[in-house]
Amino acid sequence: MKPTEPQFIYMILVLPTLFGLTLVGEGLNKVIRDEKAGWISIFFGILFILVVVFFFVFFVTNFPSQ
Numbered sequence: 000m001k002p003t004e005p006q007f008i009y010m011i012l013v014l015p016t017l018f019g020l021t022l023v024g025e026g027l028n029k030v031i032r033d034e035k036a037g038w039i040s041i042f043f044g045i046l047f048i049l050v051v052v053f054f055f056v057f058f059v060t061n062f063p064s065q
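The sequence shown maps to residues 0 to 65 in numbering that gives the first Met the number 0.
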């Protein structure tokens, strides 16, 4: 599987981003209900999204499109 194939991009970028957004949404729901654990979910969700962005930059710089 090459890094430029759509399946690879979907597995590496889209699915983890959706997971991170789910964590952020769950955290916001908990914060609205005045639960302290919501901030932990928001933190890990944002951290997860930042890791995905880092991998995106890594793949763009190391595997230029031809």
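A virtual CB, placed ideally from N, CA and C, is assigned to each residue, including glycine. What you are looking at is a predicted structure, and each value in this text was computed from that prediction instead of being measured.
Pair within 9 Å by beta-carbon distance, residue i and residue j
i	j	result
Val30	Trp38	yes
Ile41	Gly26	yes
With 16 other Cβ atoms within 10 Å as the buried cut-off, status of residue i
i	result
Leu22	buried
Spatial neighbours of residue i in its chain, beta-carbon cut-off 8 Å, leaving aside the 5 residues before and after
i	result
Asn28	Gly37
Sequence-distant residues of its chain with Cβ nearer than 6 Å to residue i (five each side left out)
i	result
Gly19	Gly44, Phe47 and Ile48
Beta-carbon proximity list for residue i, same chain, < 7 Å, skipping 5 on both sides
i	result
Phe55	Leu12
Complete runs of the alpha helix (DSSP H) confined to the stretch 0-58 [at least 4 residues]: 5-8 and 14-31
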